[in-house]
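Numbering (the numbering used here), first residue to last: 30 to 141.
To keep things clear, I will list the structure first and then write my remarks on it.
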């Protein structure tokens, strides 16, 4: 009986210690800081591959440009290719940057 009388106070003391111990949570992994959506560069937002029909003309500074039927002018980055079609109706394919009205030319062909 002596053994039982010693075990009871010890077991009660142990349960009190457990009750006082703060709840342990599994260790949390640090969360990486929330990443913002990367902002697109204006070239990425305002560019797209397309074909524009118009007439090859020369600008005031002597460079070849494309003028579409609405009168919008586009700077052309391939002056050598544009020169071959000066004064003619063409279809210019390439990457159009609407923020600067320029075309990175991939192809120029006569409009049909």
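Backbone N, C-alpha and C define an ideal beta-carbon position, used for all residues, glycine too.
Thinking C-alpha only, which one of the options is nearest residue i?
i, options, result
"residue 119", "108, 104, 92 and 97", "97"
"residue 116", "90, 95 and 89", "95"
Quick check on the DSSP output: the alpha helix (DSSP H) that includes residue i runs from which residue to which?
i, result
"residue 111", "108-112"
With 16 other CB atoms within 10 Å as the buried threshold, where does residue i fall?
i, result
"residue 111", "buried"
"residue 82", "exposed"
"residue 76", "buried"
"residue 131", "buried"
For the beta strand (DSSP E) that residue i lies in, which residues bound it at each end?
i, result
"residue 120", "118-126"
"residue 102", "102-105"
Alpha carbon to alpha carbon, how far is residue i from residue j?
i, j, result
"residue 122", "residue 136", "5 Å"
"residue 91", "residue 140", "23 Å"
"residue 106", "residue 79", "15 Å"
"residue 134", "residue 124", "7 Å"
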